[in-house]
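Right, one structure below, let's go through it.
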Amino acid sequence: AHHLFSTMPHYHAMEATKVIKPILGEYYQFDGTSIFKAMYRETKECIYVDKDEEVKDGVYWYRNKI
């Protein structure tokens, strides 16, 4: 839920997720990877989202290489 509502305090994330999960339905995605494995994966693969400079808003591109 904190990816949809970035101003929401972290201590309400679990409660909000329970409420929003049924609304999102098939669009809800969960990655059960442990925090340590996820941090290693993100560091190793350098996964990030890059802004498309030609478009003013709403378009971002997934990159996994520098």
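Quick note: full-length UniProt numbering has the sequence shown finishing at residue 66, numbered continuously throughout. Each residue gets a CB set at the ideal place from its N, CA and C atoms; glycine is no exception.
Whole angstroms are fine: how far does the CA of residue j sit from the CA of residue i?
i, j, result
"Pro22", "Ile35", "25 Å"
"Ile20", "Arg41", "27 Å"
"Glu53", "Thr33", "32 Å"
"Thr43", "Gly25", "30 Å"
"His3", "His10", "11 Å"
"Phe30", "Ala13", "14 Å"
"Lys18", "Tyr28", "11 Å"
Looking at the unbroken alpha helix (DSSP H) that takes in residue i, where does it start and where does it end?
i, result
"Tyr27", "No alpha helix (DSSP H) holds Tyr27; DSSP gives it neither H nor E."
My output table needs one value for residue i: the three-state DSSP class, helix, strand or coil.
i, result
"Phe5", "coil"
"Glu45", "helix"
"Glu15", "helix"
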